[in-house]
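J.: Same order as they appear, the protein sequences are chains A, V, R and L.
First residue of the first sequence: 1, per our numbering; consecutive thereafter.
First residue of the second sequence: 1001, per our numbering; consecutive thereafter.
First residue of the third sequence: 2001, per our numbering; consecutive thereafter.
First residue of the fourth sequence: 3001, per our numbering; consecutive thereafter.
Take this structure, written in structure tokens, and hold onto it; I'll ask about it next.
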Amino acid sequence: MNFLETALGSIKLDNPLIIASGVLGTTAEGIKLLYEKGAGAVVTKTTTLSSKPGYANPTVVSTPSGLLNSMGLPNPGIEEMSREVASACCEGVPVIGSVAGSSISEFIEVAKRFEDVGVIGVELNISCPHERVGLIGQDCRLTYQVVKSVKDSVKIPVIVKLTPNVTNIVEIALEAVKAGADALTAINTVKGMVIDVNTGYPILSNKFGGLSGPAIKPIAVRCVYEIYASEVKVPIIGVGGISNWRDALEFLMAGACAVQIGTSLMKGYQVIEKIKKGLTGYMKKNKLKKLNQIIGISHKRC
Amino acid sequence: MNFLETALGSIKLDNPLIIASGVLGTTAEGIKLLYEKGAGAVVTKTTTLSSKPGYANPTVVSTPSGLLNSMGLPNPGIEEMSREVASACCEGVPVIGSVAGSSISEFIEVAKRFEDVGVIGVELNISCPHERVGLIGQDCRLTYQVVKSVKDSVKIPVIVKLTPNVTNIVEIALEAVKAGADALTAINTVKGMVIDVNTGYPILSNKFGGLSGPAIKPIAVRCVYEIYASEVKVPIIGVGGISNWRDALEFLMAGACAVQIGTSLMKGYQVIEKIKKGLTGYMKKNKLKKLNQIIGISHKRC
Amino acid sequence: MHTPRVCKILKVESEAENIKTIYFKDRRTSSRIIPGQFIMVWIPGLDEIPMGVSHTGLNSELAITVEAVGEATEKLCSLKEGDVIGVRGPYGRGFSPPGLNNLIIGGGTGMAPLMPLIELCVREKINVNVLLGGRSLNKTPFIKKLRDIFNPKLECFKVTTEDGSYGCRGFVTDLLDEIISKNSFDRIYACGPELMLKKIYDYCTEKKLPLEVSLERYIKCGIGICGSCYIGSYRVCADGPVFKIAELEKIRNILGEWTRDSSGRLIQL
Amino acid sequence: MHTPRVCKILKVESEAENIKTIYFKDRRTSSRIIPGQFIMVWIPGLDEIPMGVSHTGLNSELAITVEAVGEATEKLCSLKEGDVIGVRGPYGRGFSPPGLNNLIIGGGTGMAPLMPLIELCVREKINVNVLLGGRSLNKTPFIKKLRDIFNPKLECFKVTTEDGSYGCRGFVTDLLDEIISKNSFDRIYACGPELMLKKIYDYCTEKKLPLEVSLERYIKCGIGICGSCYIGSYRVCADGPVFKIAELEKIRNILGEWTRDSSGRLIQL
Ligand SMILES: Cc1cc2nc3c(=O)[nH]c(=O)nc-3n(C[C@H](O)[C@H](O)[C@H](O)COP(=O)(O)OP(=O)(O)OC[C@H]3O[C@@H](n4cnc5c(N)ncnc54)[C@H](O)[C@@H]3O)c2cc1C
Ligand SMILES: Cc1cc2nc3c(=O)[nH]c(=O)nc-3n(C[C@H](O)[C@H](O)[C@H](O)COP(=O)(O)OP(=O)(O)OC[C@H]3O[C@@H](n4cnc5c(N)ncnc54)[C@H](O)[C@@H]3O)c2cc1C
Ligand SMILES: Cc1cc2nc3c(=O)[nH]c(=O)nc-3n(C[C@H](O)[C@H](O)[C@H](O)COP(=O)(O)O)c2cc1C
Ligand SMILES: Cc1cc2nc3c(=O)[nH]c(=O)nc-3n(C[C@H](O)[C@H](O)[C@H](O)COP(=O)(O)O)c2cc1C
Ligand code: FES
Ligand code: FES
Chain A
1 MNFLETALGS IKLDNPLIIA SGVLGTTAEG IKLLYEKGAG AVVTKTTTLS SKPGYANPTV
61 VSTPSGLLNS MGLPNPGIEE MSREVASACC EGVPVIGSVA GSSISEFIEV AKRFEDVGVI
121 GVELNISCPH ERVGLIGQDC RLTYQVVKSV KDSVKIPVIV KLTPNVTNIV EIALEAVKAG
181 ADALTAINTV KGMVIDVNTG YPILSNKFGG LSGPAIKPIA VRCVYEIYAS EVKVPIIGVG
241 GISNWRDALE FLMAGACAVQ IGTSLMKGYQ VIEKIKKGLT GYMKKNKLKK LNQIIGISHK
301 RC
Chain V
1001 MNFLETALGS IKLDNPLIIA SGVLGTTAEG IKLLYEKGAG AVVTKTTTLS SKPGYANPTV
1061 VSTPSGLLNS MGLPNPGIEE MSREVASACC EGVPVIGSVA GSSISEFIEV AKRFEDVGVI
1121 GVELNISCPH ERVGLIGQDC RLTYQVVKSV KDSVKIPVIV KLTPNVTNIV EIALEAVKAG
1181 ADALTAINTV KGMVIDVNTG YPILSNKFGG LSGPAIKPIA VRCVYEIYAS EVKVPIIGVG
1241 GISNWRDALE FLMAGACAVQ IGTSLMKGYQ VIEKIKKGLT GYMKKNKLKK LNQIIGISHK
1301 RC
Chain R
2001 MHTPRVCKIL KVESEAENIK TIYFKDRRTS SRIIPGQFIM VWIPGLDEIP MGVSHTGLNS
2061 ELAITVEAVG EATEKLCSLK EGDVIGVRGP YGRGFSPPGL NNLIIGGGTG MAPLMPLIEL
2121 CVREKINVNV LLGGRSLNKT PFIKKLRDIF NPKLECFKVT TEDGSYGCRG FVTDLLDEII
2181 SKNSFDRIYA CGPELMLKKI YDYCTEKKLP LEVSLERYIK CGIGICGSCY IGSYRVCADG
2241 PVFKIAELEK IRNILGEWTR DSSGRLIQL
Chain L
3001 MHTPRVCKIL KVESEAENIK TIYFKDRRTS SRIIPGQFIM VWIPGLDEIP MGVSHTGLNS
3061 ELAITVEAVG EATEKLCSLK EGDVIGVRGP YGRGFSPPGL NNLIIGGGTG MAPLMPLIEL
3121 CVREKINVNV LLGGRSLNKT PFIKKLRDIF NPKLECFKVT TEDGSYGCRG FVTDLLDEII
3181 SKNSFDRIYA CGPELMLKKI YDYCTEKKLP LEVSLERYIK CGIGICGSCY IGSYRVCADG
3241 PVFKIAELEK IRNILGEWTR DSSGRLIQL
């Protein structure tokens, strides 16, 4: 019996552990390996129409219980990325294509090309804190426009990835749903900065970056909880600082139907199986049969 | 020679280490002790017109490299708090009164009462993430109104404490300065939540709380850097996750004229002298005479 | 670290009227606790309150002894085996290690944090004299437990009740003169109602006796950061709850006179 | 942990034309590094690039040997004693410990990460044979250092230059047949241009020899998380940079054929 099956609307997943965008899902072989290592699905590196080299190094730096990155969305462009993804999809790997662009037509084009090669859905990255696309997810109108346009252009589910760098994440979530979002991913990284005090230089070449890892878990859990408590009724994918099964469970209880992991892959691929094993153990111990029985239960505990 | 003197506009401080609001500055004797332990100034617990019991416990819980709290602004009301503060001010302790209220007139009244007992300035708390006052600091118009009204009613410097829980902290900072703010404090805590996975209960009785400690340092440094880089020209007080002199230095380099410490007092009062000693050592080693020589230097390193 | 660890209740004993002793296991607490330190007990969905630890046993077993005085303590007293509570800690500064000859004075549930100290003395065969005060036999906890412990050497254990239903009639402080004149104590430990402690403090100050008392104030964070529990410039949660006589000297004008409520307002005791 | 630690440059040596060896101290790296692991070197305000460690000495002393091939390496090569760099690491998987009889093959600055392995063998008196290939005497690093090391037992150290300006004329791979037919090696280590490595790989596969090579790909995070450095399903920064022959087998179609640029685009080598 599989205790971990879950659904994101029409997307059925064998287990709720999805690999977050930008974390190792950059090539066909990388994506396949992540699936072999147990992921329920893999989100690709965010892809744009043309290739982007990303920012100069340093692009990552440690912070207390976290990691700050400003990769700058390096990607080979959809032409080449869709070849990589096609190869993974052909072998049955559930891939979600992460999409960004500097115009609505670019979003549409990239999403369609992902659809063509057989992804199970696209995730719109309107939330990178160190990118211009991040501005979209900080604005209701832009969010609506981008989501609506993509939604009108593809048949596969459209997932919208939200940023915590807003005054009210629920407002943006509602806008995305109004525009047709089939699911929401919360959260992308939190905007931050690290300065080297020996030299005075901001360490990242881009100065600002996105904070991930355990440090942001309380922020991410709060966002998921807030969205689940709102009128938003589409499935939520929780992400931010998950590094063990208890963390994953915390997001499920807050209202997430699935979770993504990113930074914790730093500790090795085995974190995937460990989390699944832990969750399965928890389900058995508590005589639970389906994740549905725990998704959102924190909202009943008050 | 005192290497650590600094100024926040007309407020001169012996050293840049200020005790953050809500952290031990609740009584006369507490405030005096913090000053004896070496603080450059002490901000009081945020005070309202009438007494507030705060939220039920649990009001604090640990997070990775951080602390989540939702005290709920417990305070004895300005009548009683001003007596405590008066006693500290009489003995020459530089006290900053932290002010909140549920109406503009309450803000004004509390600020004036603080002024009457001799504080060196007031800090307007419009930024608590788990309080209604926090909504003020998320809105340009409300920020302007509250700051302007207080500014028009007192002669002492008015410091405005900002929240990171906004889309664009610079926008709010500019509004506060337009309304007459003499200095800005960045940042208050980041809105977060922790769920106990054994029971499903959100741990804090108020569910949501404010994240502090090292986890939020990269967010706080970013905010200070962004404000300093903007048209805002008033002094900035940096706060968020400072637990050693290198952390303090990071904020100074990002553009803060002074810093506040809160959560790191958990490790004991000696953190105050340790930070001062570390900063003095750094100044000497680098043959620097005044903090001015390092304040904001990161902006020249690009 | 300062996150409640959820523990199953192993056993609940009725200790006296409205007073229950609740057993559970928590390795972190049991491996670190010093008698006199306290823990924060979380009742999910309701409250989190400070509690002394009234027993430390084998295999990480611990107990708290709770008097139902309000919502949280009533709920705690109604819990059954198998129910859960959360605990974090241990916090604060505990009692000094016992000397050669020790006097322990407890008033009501104030005896709770002193119990592990008594257990320690008995285990290590250290001389210990115990005075326990209560309102009446039914309302006084630990009588049976202490009798069981002290049966072999009865002379060391004395009880007073206000109504005389057990032991001597009166207050525990009434016995001070007698016991202190007959003995020379290296340590005197006390916990109970603050007015009782104040009396003991005055007595010991006069006689220059080495007193330590455990105090109570409104605890929120428990980790010395929120400023809720000040007594003078001491934080009960971090600098206490145990204070030595030299420290009490600095707060003698507050002791037994003033406390602060949840908002920080001064309240006459 | 993955934050650059700023270090003062202690000394800069000119190693060959456009190649410098830069000495500095970093305790964390020196106390953990295994030959073959790499560090990320930060040039404040400019770039952060992967570098092998070419020397590990006493008192946390380390060195990198840098060939100026672009902006970052040129800047590094222009630094002087007293200037600062930042380093984080060590990262990745290094070489296996040497066997009884070892062959080390380096091409140009590819010899850098192999130097500490040679130092180790010499220090521990382990048999080691070294082949070093370069374009010409002026352009080939480490010749003097290796000659100093090997003077007492000259037979183990051979150099080839493409122009014959030193040692044998030709490629280092030309010497394989001879040295391998005369010896039986427990380990063969190689690092250098990928086409050279590919040749050595083919040779060793045919002869079933225990080869390990160190590869290069575009490194960004250095900690196995960003997916910039894939070669097949291996991450050079975390699964490599050293790969054993059985692993190379799985990427033989990529080796010497394809790499990826900073954007992840495939580039023909
Ligand atoms: C260090 C310490 C150790 C203690 N040990 C024990 C013990 O071993 N056994 C025991 O029965 N009691 C102990 N207490 C007292 C116990 O914490 C209170 O009785 C309990 O908190 C009351 O909660 P309530 O909701 O039942 O009552 P309420 O109706 O909320 O209040 C009743 C009284 O308890 C006080 N109180 C409420 N909440 C707190 C709080 N968070 N901190 C301090 N006082 C509070 C109130 O001020 C009031 O005076 C201890 C207190 C402290 C400070
Ligand atoms: C594990 C490893 C160990 C290395 N050890 C050494 C060494 O000991 N000595 C030495 O001289 N060189 C070494 N290199 C190569 C060195 O990192 C590159 O020469 C350097 O990054 C070039 O930077 P640049 O700005 O000077 O050149 P650019 O003009 O930016 O580029 C020149 C070449 O270097 C490559 N390059 C640029 N940045 C990187 C990067 N971040 N990661 C990988 N390749 C890059 C480019 O793809 C291009 O092929 C090593 C590389 C790796 C992966
Ligand atoms: C190195 C790195 C690269 C990332 N790249 C992307 C990206 O390209 N697109 C995106 O939507 N999110 C990206 N993210 C954000 C993650 O997908 C995720 O939302 C975030 O890291 C929080 O999850 P975590 O704490 O589990 O890492 C990246 C994160 C990291 C650490
Ligand atoms: C227990 C606690 C209580 C706080 N109470 C207040 C408050 O009353 N008013 C306020 O403006 N900020 C309050 N804060 C926020 C701090 O002043 C500070 O902005 C924040 O904690 C970040 O700094 P730190 O990481 O050094 O703690 C509180 C923080 C903590 C941890
Ligand atoms: S309870 Fe917070 S300081 Fe003591
Ligand atoms: S450089 Fe990021 S995974 Fe290797």
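From the three backbone atoms N, C-alpha and C, an ideal C-beta is built for every residue, glycine too.
Quick caveat: nothing in here was measured; it's all calculated off a predicted structure.
(1) Compute the minimum distance between the beta carbon of S3228/L and the heavy atoms of ligand 6, and state whether it is under 6 Å.
(2) Put R3123/L into one of helix, strand or coil per three-state DSSP.
(3) Residues in the same chain with beta-carbon distance under 6 Å from Y144/A, minus the five sequence neighbours each way, listed in chain order, please.
(4) Could you say if the region 2230-2240 of chain R and the region 2062-2075 of chain R meet the contact criterion of at least three C-beta pairs nearer than 8 Å?
(5) For the region 1154-1169 of chain V, enumerate the residues whose C-beta is nearer than 7 Å to any C-beta of chain A, in chain order.
(6) Can you give me the C-alpha to C-alpha distance between I3149/L and D3177/L, rounded to a whole angstrom?
(7) For the region 2205-2242 of chain R, list the beta strand (DSSP E) runs that are entirely contained and at least 3 residues long, ordered along the chain.
(8) Taking the DSSP output, what are the residues bridged to A2063/R?
(9) Under 7 Å between beta-carbons, which chain R residues line up against S1051/V? List them in chain order, please.
(10) Taking 8 Å as the threshold, find out whether the region 127-145 of chain A comes into contact with the region 83-98 of chain A through three or more Cβ pairs.
(11) Along the beta strand (DSSP E) that carries S1098/V, what are the first and last residues, could you check?
(12) Can you tell me where the alpha helix (DSSP H) holding V170/A begins and where it ends?
(13) For S3078/L, count neighbouring C-beta atoms within 10 Å of its own C-beta (all shown protein chains included) and say buried if the count is 16 or more, exposed if not.
(14) Can you tell me the Cα-Cα spacing of I96/A and E109/A, whole angstroms?
(15) Go through its chain and collect everything with a Cβ distance to D2174/R's Cβ below 8 Å, but skip five positions before and after it.
(16) Does I1236/V come out as helix, strand or coil in the three-state DSSP assignment?
(17) Is there a Cβ from chain V that is less than 7 Å from the Cβ of S65/A?
(18) Please state whether DSSP places Q1270/V in a helix, a strand or coil.
(19) Kindly list, in the order they appear in chain A, the residues whose Cβ is closer than 8 Å to that of S1298/V.
(20) Scan the region 2232-2249 of chain R for residues whose Cβ lies nearer than 9 Å to a Cβ of chain V and list them as they occur along the chain.
(21) Regarding E109/A and ligand 1, is the C-beta to nearest heavy atom distance less than 6 Å?
(22) Need the endpoints of the beta strand (DSSP E) that V60/A sits in, please.
(23) CB of V1239/V to nearest heavy atom of ligand 4: below 6 Å?
(24) Work out the CA separation of K2220/R and T1163/V for me, nearest whole Å.
(25) DSSP three-state call for S1102/V: helix, strand or coil?
(26) Just the Cα atoms here: how many angstroms apart are I1159/V and G77/A?
(27) Any C-beta of chain V sitting closer than 7 Å to the C-beta of I2044/R?
(28) With H, G and I counted as helix, E and B as strand and the rest as coil, what does DSSP make of I2143/R?
(29) Are any of the Cβ atoms in chain L nearer than 7 Å to that of G44/A?
(30) Which residues in chain V sit within 7 Å of E250/A, going by Cβ to Cβ distance?
(31) Taking C-beta pairs closer than 7 Å, name the residues in chain V that Y2166/R reaches, listed in chain order.
(32) Please state whether DSSP places F114/A in a helix, a strand or coil.
(33) Within the present structure, is the beta-carbon of E3194/L separated from the nearest heavy atom of ligand 2 by less than 6 Å?
(34) Taking 7 Å as the threshold (beta carbon to beta carbon), is A254/A in contact with chain V?
(35) Considering just the uninterrupted stretch of the alpha helix (DSSP H) at L1034/V, what are its terminal residues?
(36) Please list, in chain order, the chain A residues whose beta carbon lies closer than 7 Å to that of V1190/V.
T.: Walking through what the data contain:
(1) yes
(2) helix
(3) E175 and A179
(4) no
(5) N1165, V1166 and T1167
(6) 24 Å
(7) 2211-2214
(8) Y2023/R and H2055/R
(9) S2263 and R2265
(10) no
(11) V1095 to V1099
(12) I169 to K178
(13) exposed
(14) 16 Å
(15) T2160 and C2168
(16) strand
(17) yes
(18) helix
(19) I195, G200, Y201 and P202
(20) G2232, S2233, Y2234, R2235 and A2238
(21) no
(22) V60 to T63
(23) yes
(24) 24 Å
(25) coil
(26) 48 Å
(27) Per the sequence shown, residue 2044/R should be read as Pro rather than Ile. P2044/R counts as touching chain V.
(28) helix
(29) Correcting the residue identity first, residue 44/A is Thr in this sequence and not Gly. Not closer than 7 Å to any Cβ of chain L, the Cβ of T44/A fails to qualify, so no.
(30) I1195 and V1197
(31) What Y2166/R touches in chain V: nothing, since even the nearest Cβ is about 35 Å away.
(32) helix
(33) no
(34) yes
(35) A1028 to E1036
(36) I219
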